[in-house]
Structure formats: structure tokens, C-alpha cells
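First residue of the sequence shown: 3, per this note's numbering; consecutive thereafter.
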Amino acid sequence: MLKRRNPEVLLDRDGLLDLEYSSETQAVDSYGSLQNGGFIPPRYLHAAGSGGDGDPAYVHCERPANSSVQHAGNYFRDGLSKIDFVLVWEVKHRHKRSSRGQSNTGASEETPEARGQESRSERRRAQLAQWRDKFIQNLQTAGLLMEKEESSGVKKSIHYLKLHAPWDVLVFYAEELCLRAPLQAQPHPDFNTSARVLQKLWVPNIMKDSVPNRPVDYYTCAFRKSKMEKFLGSDDHENYFTNTQRQRIVYEILARTVYGRRKRAEVGVARLLREGAFTGAFPLHEGKFELPRRGMLPDQLNRRQVLFHYWASWLKWYKYQPLDHIREYFGEKIALYFAWLGFYTAWLLPAALVGTCVFVSGLLTMGSNTPAKEICESGGLYLMCPLCETCKPWNMSDICPMAKVGYLFDHPGTVFFSVFMSLWAVTFLEYWKRKNATLAHHWDCMDFHEEEEPPRPEFAAMATAMEENPVTGVKEPYFSETARISRMLTGSMVIIIMLCVVIIFLITVIIYRSIVSVMMFETGSSVLRTQAGNIANISSSLVNLALILLMGQIYTALAEQLTKWEMHRTQTQYEDAFTFKVFIFQFVNFYSSPFYVAFFKGRFVGYPGHYGTLFGMRNEDCGPGGCLIELAEQLCIIMVGKQLINNIQEFVIPKIKSWRQKKALSSVRKAQMTEEPERWEQDYELIPCEGLFDEYLEIVLQFGFITIFVAAFPLAPLFALLNNWVEVRLDAHKFVCEYRRPVAERAQHIGVWFAILEALSHLSVIINAFLIAFTSDFLPRLLYQYKFNNDLHGYINFTLAYSPPSYNQTSHAVCRYKAFRDENGKFKLIYWELLAVRLGFIIAFEHVVFFVLRVIDWMVPDIPESLELKIKRERYLAKQALADNQEALLVRVLAFFDYSVSHRTTTIQPQQLIKQAKRLAA
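Structural data, given as C-alpha cells:
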């Protein structure tokens, strides 16, 4: 293990970026020949064996005779150096051919193609081993300490290279990465509004949990090596930097380190993982997550056990999330996701309560619904026109149950709920901005800005030219903007084609629904005839859900390939482009069917004798209960069905992947049955962290369901709340128990997802306005109450038109259909009056709601006043730390002035003082 580095290693850390770095190249299989616990590169052999005054770079650590004695914790074998990162690669054992295969006959049967393929495979393995050797040598140059372990099996060997960053490396990169240094401890802020409210009301808070070992909160400033004595705990080199900070620094080194030629962008561990030189690169979990069987004090639990017991446990579903512990263990990016998910779930509680009350009010007032009473008591008064060419007329009284149920989703309370949810969505986002600002400051990310990003490994490998970066001045892989725009336009055409495929599937579902309805009517059964629309709608919604999930998987894979082909330079640009593509497609994929039912179904039916057709089939009309109840059915099936399937996938798929990973490593584990697996071996059996994209996408789509179509489905927030309670624990369990520990990443907000949420919240106002105006019966009833009868008596007859005489001659019966038309099929005056009322309502609704939203935006500042005071206090402390140094400089300048005056007769010029001050400052 490396104890100290030679002085020349510290001279220039940019040496690791040297393109023409020359050093000895190890043999392809040199790593497999080393004993566990040591790593001695050839170029350090002379230093290690010279003795005398030499400073050996590496010291070989033999495994002790008693192998059961192990140091506790994630440390090197010396028990002192922390393991900050682990690199893993596998080497397959080469088996000799059998005697039969070595005969002349067998040799003659070996084809040149097979020999050529084997030769290419050998060259590829040699290339990967050379890259790996060069990479590890450059990591040594960067100052990392290393220790190697090997686990051998029958078929392959697994090599683990443990990395440790010593103190001077941590200090150098902490200043370069602008990490925050603690100045003064401060009390933990209380982020939970509910906790403050309950405390003021003297109500016991069952959601509060006493989580042990809460991280200390500090006033901080940017780290400076020259100010080291001003920072708290700087004498404790072992624990001054947190584990996540150490991991971030080591990963920064891994991301910058060259393993080949710069012009080929052979840089960084990410590309080595992609090429297959390494099979894993991850920081270690801090011990087991299972709680000890014997009694142990909560303060003695490791951080992973604390998260498992106080966060990932299903028994803690009603408790606040320990966000500080999550941030300390996983970093700010993951902690911000869970903070946002928890905040959103908490805000769903009032929305779910109001939505449930609106639904219950519909249940309680169902008996007072005059139109439904008229339908149920009409008997044979209203003979309705046939719903298909081969169907028979039917009585409106047959749909009595559906008329009553339809009232649950179409009554005055749903209008109020639409307005409420529009205001709720914007208010939620405004208060999230406040919460986000508070967390960003609390976690020292408020002033964080991503540095100039290096090119993505895939971009670097596929770029066609090299150009100088105007920021860094270094030549980098380059891809012309013209070619990229051309590819993006081509990709847009592919997206449009895929959206057309979605529309084709939607038309297919519509045709399926029409065929099922006709089949139900032709059975002759009164039950099937009255429920034909519901049966067709529910079955088609299930088919649509299956197509949605299938197309979502196909398009996500296609969008990934398109985004790679577009050659975005940085990872941020790549992720934003990929997010935009997938969200646009999933928006159309999930919402196209509800949009069709809400705004298009029943609008192009025509009238008896002049029905509109699609592929020879009559355009479908809304069911007996109206389009709103069909929309509610679709939303319930698509939203709830998607949530159930996603939760099952999130529970089952990680288990399957983990089982496959353990099965692949079973041969190595069987060879070591007598030994307890080490921490790095256990973590390698876990599955790699898949990021947060799918988690954000799932919840953002859910946000669209509960805001855009909430007028038709007031129970949507309740189902979303129940799902999110499960989602938080499922995600927590995945990150704590089933994923390898991800690299801690900094972030100050949730990124592009917030812009998407804002767009959805504003779109929901417009969609709900049109939904109430054109899909709901709220405005027709309101107009009828104003012009004709306040009690809605005769409303059903008001909404029905008589079939034209030409149609009556062919069908031999006068029938009714739902429309505002005269006997010739022309629109009545009331239709145009109602249209004016609908358009006026949309304009008034949008203007009033958007005005209130702007007022809320103005009244709720993005940064709380208490946070502004903390920011000022922190800046004051930072200035004080700098002021001490300035005062010392001033004292030295004045001493120089006094000395000059006492020893000289000439006058001291101001320029002399300035020059001396600059010299002392330097």
C-alpha cells in the first residue's frame, strides 16, 4: 500500500492529462499474478527495494496467517486508510484444449475465420489491459493510494482495486472544486411546516421521529487551504472531509485521468466502463443494512442501518424523511429528489381531502339530481335513435343507473375542484421553490454552478474532428453544429413518425371500441345493451394501457439511440435532450386517449340520416352517461393501472437483476465458502444504480394526471397520494439495500423537471377550462336554469332533438338524439348562445385563475426572509475570516512604514507602500 508519495509526484497534477505520457507497460495478465493486499507497479520496484534514504511508493502487504482477523470498517489492511472508491475488473481463465482437440484432424478443422476471431479477441483483451494499466499508473501520479484484492473461481478471477485519497490530495481538490468549509455550528432549522404548526397548537406530532446521529449544521464558506486554521475540525485529518466529499473528489480524479491519447478522448473511468476495461466503479456502502440481532444503542448503528431502519422501513411510512441523513449518505442530487417527492406527497394530502369531499358530496346529492330523476321516470317517453346501423331504438330510461353515476363526475363541485387544483398546482410550485432554496442553502449548494463539463465519452469516441475549447484552451473532440442540427431535425422527423404511430394505435382502439359496442347491442340482452358503452370503454382502456406501456419501452430505447446519434457534447446537454424527447412522447402516449374522449369523441357524429363515418363505420358517440364518465373511467384505468404495474416492476425487477448478478458470481463465491465475503465483494453483487430519470418521469406524468383532467376524476389526488406513500419506501429500499452506492453528486435544484412541472400547471388551467366548457353539462344546465327553469325540470327534453322527417320515413319511427338541432338538422339559436357562453367562460376562467396565480407568485417570495438572514450571517462570518488575514497584512505594512520612517530621512511614497503590501500579500 502506498504510504507516502515522492515529491515529484506532487509537482504537477496536470501531468495525468499528458497525452504522450511514457511509462513501462505491464504485461496483460500482470494483475492476476499479484497477491491480495498489495500492488507494486514495475516503475516503483526499484524504489521499494532500494531501502536507505529512498521513499518507497508501495509497500507489499501479505495476508496474515490468520485470515479471519479483519479490520472493522471500510479500510485498507492497515486499518487506517479509508476505502474511498473501488474499481473492479474480471479476467476469464484460459483453459487448454482437450487432447482430442489437439489432434491433427481437429487442427485441420479449425477455420481461418475462427482463428482470426480468436486473434481479434486476444488483441482486444490486450488493449483493455494496457488501458487499465496506464489508467492505474496515472492514478498513482495523481496521488491516490491503492490496494488490490483478488477473488478467484473456476472460470474467472475478480480483481478489486481499492482507492484512498490522502490528506494533501483532498485539500488540493477541495479548493479546486470549491467545497464548503465549516465556520461555526448552528441549530438545525425546522423545515417541516406541519411540525411548526402542530407545535404552536400543542398537538403531539406523530410524524416526527428521533433519528440518531443527525449531521451537524454549519455556517460555511468556500474552502481555502490558506484559511485552514479558521475552519472547524481542520486538525482532524481523518474525519474533516465527509465520506461523500471524499468520494466526490476521488471520482473527479477518476473522471479526469487519461489512459491513452487525448486526441482520441481516451479519458476517464466512464469510458473505460463503457469499453469493458472495468466492470464496476463505485464507492462502498458503510457496512450491512441489516440491524444487529443483539441489542445495540441507536447511536451505534452505521449510517446505512440508520437509513434502513428510520427511512426504508415500511413501518415508517407516516414519518418525516431524514433528509440530512440521506444527503450525507447519497449526496445532494438524490436527497433533493426525495425531498421533492416527500414535499409533493405532503401537498397531495389537502388535494386528496378536497377531492374526496367533492366526490362524497356528489354521492350525497345524487338523489337530488333532477335530470337523472327525469331519465329514470321517463319510461318510454324518450325513444332514442339507434346507436348503430343494425341496432334498434332504445328508451332513455334504460340508462337510469349510468345517469345517476355520471352525476358523481359532473356536478357543480367538480368545477370548484378544477379551480382549486389549478391554484393548488401553482402554489405548490411556489412553495417548493422556497423549500428548494432553503435546502440548497442548508446543504451548501445555493452558489453551486456546474463547472465547464468535459465531453461525454461517447461523444469523444465518435467525434470527427478536434477543436480548441474556448473556455479551457485545450483541444477537444468536436462535432460541427450544422451537422448536429441536421441530425436533430432528422430525429424530430422520427419523433413525429412515432407520434403518428401512437395516433394509429389510438384509432385502432377507437375501432375496437366501436366493434365491441355493436357486438354488445346485437346480442339482444337488455343488460349488455345498456352496459355496452361501459364494457367497450373499460376493455379498450385496458388494451390502450398495454399499448401505452409497450410503446413507452420501445420509444425510450429509440430516444436513447437518437440522442446518442445527435452527438451532444456534454452529459447535461445529452440528458436534457433525452428528457425532452421521452417526455414529449410519453405525454402524447399517455394523454392522447383522454384528450380524444374529452374533446373529440361525440363531436363529429352528425345526426340521423347524415352520420359521420370513419373507415365505413359510424363515428362513435359518448356513452349514455356522457363523455365525462368515460373520461373518468379511462383516467382511473390508465393512471391507477400504470402505478400498480410500475410499483410491481420496481419491486420485482431489482430482485431479478440481483439474482442474475449473484448467479454470475456464484462460481467465485463457491471457491470462497470458508471466508466471509468482504464489503467490496458484497457491494459488487448489488446492481448498479440506474439514476433518477425513470423516478422523475413517473411522478411528473402523475402530476399531469391530477392537474390536467382533475375535473373529470376528483379522486385522482387520493390515488396519487396512496401511490406516493408506497413509492417513497420502494425507492428508499432500492437505494439502501439493492443498489450499489452511487457517487454523491451536487445539485441545487431538480433541473429541467421543474420547468416541465410549471408548463403542466399552466396547461392544466387551459385544459380544465375547456373540459368544463365543452365536455361537462355544467354550462348547459346553468344556461337552462337562467333562461327557463331554475329547478332543471324539463332539462332532458331541452337537450334532445327530433330526428329529421327523411330519416323517419326510412326507419318508420320518430326518435330523439342529443343535440341542439331543429327537425332539419340545423343548429338552433340556443346552440350559438351556448357556444358564446362556453367561450366567455373559458376566457373568464383563464383570466381569473392566471391573475390569482400571478398574485400568489408575487405574495410568496422565492427565498424566505429567515433564509435571507442566515445568508447574511454566513457572509458576515466569511468576511470575518478574511478580515483577520487583512488585519495581519495591514499590521505588517504599518510596521514596514514605521521602520522606514525611523531609519530614513526621505519621505515614503505611496507607491512604495503599495509595492510592499503586494509583496507581503504574495
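All C-beta atoms in this analysis are idealised placements derived from N, C-alpha and C, irrespective of residue type, glycine included.
Nothing here was measured: the structure is a model prediction, and the numbers come from that model.
Spatial distance of residue i from residue j (CA atoms)
i, j, result
"A144", "Y686", "25 Å"
"V545", "V854", "40 Å"
"V754", "A718", "25 Å"
"V407", "I631", "8 Å"
"I556", "I550", "10 Å"
"G270", "V260", "6 Å"
"K828", "P610", "12 Å"
"M398", "C390", "16 Å"
"W445", "R329", "8 Å"
"G278", "L317", "41 Å"
"V362", "A354", "12 Å"
"E379", "L425", "40 Å"
"A337", "A442", "11 Å"
"V607", "K820", "11 Å"
"E149", "D86", "11 Å"
"L892", "Y242", "Annotation note: pLDDT 49 at L892 (below 50); position unreliable, coordinate value reported separately. Cα-Cα distance, rounded: 31 Å."
"D170", "Q750", "28 Å"
"N539", "I513", "11 Å"
"C402", "A374", "7 Å"
"G357", "F461", "49 Å"
"V670", "Q573", "36 Å"
"D824", "T392", "25 Å"
"N371", "D412", "11 Å"
"T615", "I509", "13 Å"
"L410", "L365", "6 Å"
"K664", "L286", "17 Å"
Where the alpha helix (DSSP H) through residue i begins and ends
i, result
"A579", "573-601"
"S660", "643-666"
"D733", "718-735"
"Y339", "334-366"
"W316", "No alpha helix (DSSP H) holds W316; DSSP gives it neither H nor E."
"T429", "414-444"
"D859", "831-861"
"E376", "372-378"
"T246", "245-258"
Proximity test, residue i beta-carbon vs the ligand ZN heavy atom, cut-off 7 Å
i, result
"L275", "Absent from the structure shown: the ligand ZN. Ligands present: none."
Continuous beta strand (DSSP E) stretch holding residue i: start and end
i, result
"E149", "147-154"
"I708", "Where I708 is concerned, there is no enclosing beta strand (DSSP E), although the alpha helix (DSSP H) it sits in stretches over 695-710."
"F756", "Unbroken run through F756 is the alpha helix (DSSP H), 754-772; no beta strand (DSSP E)."
"Q186", "182-188"
"L688", "Careful: L688 lies outside any beta strand (DSSP E) and carries neither H nor E."
Closest residue to residue i among the options (Cα-Cα distance)
i, options, result
"L309", "P214, S236, M386", "P214"
"T195", "W434, L773, E151", "W434"
"E870", "V205, M448, F291, R126", "M448"
"V730", "Y698, Q750, I85, F711", "Y698"
"A734", "R273, C691, T372, A722", "C691"
"G842", "F772, L802, Y598, L667", "F772"
"A846", "V745, F137, I768", "I768"
"Y741", "I689, I708, F705", "I689"
"D859", "I255, R436, N245, T347", "R436"
Exposure of residue i, with buried meaning 16 or more beta-carbon neighbours within 10 Å
i, result
"V199", "exposed"
"M500", "buried"
"S488", "exposed"
"A176", "buried"
"V850", "exposed"
"Q249", "buried"
"T581", "buried"
"L491", "exposed"
"C223", "buried"
"Y788", "exposed"
"I910", "Since pLDDT at I910 reaches only 48, below the 50 mark, its modelled position is unreliable, and no value is offered."
"M230", "exposed"
"S516", "buried"
"R818", "buried"
"K98", "Annotation note: pLDDT 48 at K98 (below 50); position unreliable, coordinate value reported separately. It is exposed - the Cβ of K98 has fewer than 16 other Cβ atoms within 10 Å."
Tell me the start and end of each unbroken beta strand (DSSP E) in the region 278-325 that is at least 3 residues and wholly inside, in chain order. 282-284
Only counting runs of 3 or more residues, tell me where the beta strand (DSSP E) segments fall wholly within the region 770-804, in order along the chain. 802-804
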